[in-house]
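Visitor: My structure is below; once you've seen it, I'll send some questions.
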Amino acid sequence: MPESNDLQRSMRRIRNIHFVGIGGAGMCGIAEVLLNQGYVVSGSDMLAGRNTSRLSDLGAKIFSGHAAEHVN
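In the working numbering, the protein residues as written are 11 to 82.
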């Protein structure tokens, strides 16, 4: 599939990924997979919790609240 190869090439160039709502059930799982693959992950959420604590322990930079300044 050509589209798949294009996506794979694009993903190799990306190193930093920021999530808004990183503590949510869907976002935290995706963020953890990307951390395990070596990406630099950051994210923000309105509330800290188990998911944000776990991601922080894995190396993600977690911000409280949503603000443009959090995106690198």
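Note that CB positions come from ideal geometry on N, CA and C, so glycine has one too.
1. With C-beta atoms as the reference, is I32 less than 8 Å away from L65?
2. Are S52 and H76 closer than 8 Å when you measure CB to CB?
3. What's the gap between the Cα of N15 and the Cα of I24?
4. Can you list, in chain order, the residues of its chain with a C-beta nearer than 7 Å to that of C38? Leave out the 5 residues immediately preceding and following it.
5. State buried or exposed for A70, treating a residue as buried only when at least 16 other CB atoms are found within 10 Å of its CB.
Guide: In short:
1. In this structure, I32 places its C-beta atom within 8 Å of the C-beta atom of L65.
2. no
3. 15 Å
4. I32, N61, L65
5. buried
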